[in-house]
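Visitor: By the working numbering, the letter at position 40 of the sequence shown is numbered 21, and the numbering carries on one by one without gaps. Beta carbons: idealized from backbone N, C-alpha and C, even for Gly. None of the values given here were measured: they were computed from a predicted structure.
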Amino acid sequence: MRFNLLPMEIQLYILSFLDDEVLVFLKRVHPYLDRLIGNLMTPLGHGYWMWKPAFKDWKVQVLACGSRRSRIGRIKDLEWT
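The structure is reproduced here in structure tokens:
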């Protein structure tokens, strides 16, 4: 199955486990991920990026959480700024 055909909640769940450097690399090489990750990150200049606060906080919660169901539930509560 293609990544972009997965529900948005699952896409964000998968991205939350990747290291920041991997995400920046994927953003550079894949057009769909460029748009998706671009919505989650803010460019700082000189090739540096910063997570938008809502996704950064959610990513920390996902990595600290134990059950998959509660992680998926938290994705739906995520508000984009």
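CB-CB under 7 Å to M22, same chain, minus the five flanking residues each way: which ones, in chain order?
Guide: W30, M31, W32 and K33.
Visitor: Mapping DSSP to helix, strand and coil, what is P24?
Guide: If DSSP states are grouped into helix, strand and coil, P24 belongs with the strands.
Visitor: Please list the terminal residues of the continuous alpha helix (DSSP H) segment that includes D0.
Guide: No alpha helix (DSSP H) holds D0; DSSP gives it neither H nor E.
Visitor: Which residues does DSSP pair with Y29 in a beta bridge?
Guide: Y29 pairs with G26.
Visitor: Under the rule that 16 or more other beta-carbon atoms within 10 Å means buried, what is I18, buried or exposed?
Guide: Burial call: buried.
Visitor: Mapping the DSSP letters down to three states, classify R(-17) as helix, strand or coil.
Guide: In the structure shown, R(-17) sits in coil (DSSP, three-state: anything other than H, G, I, E or B).
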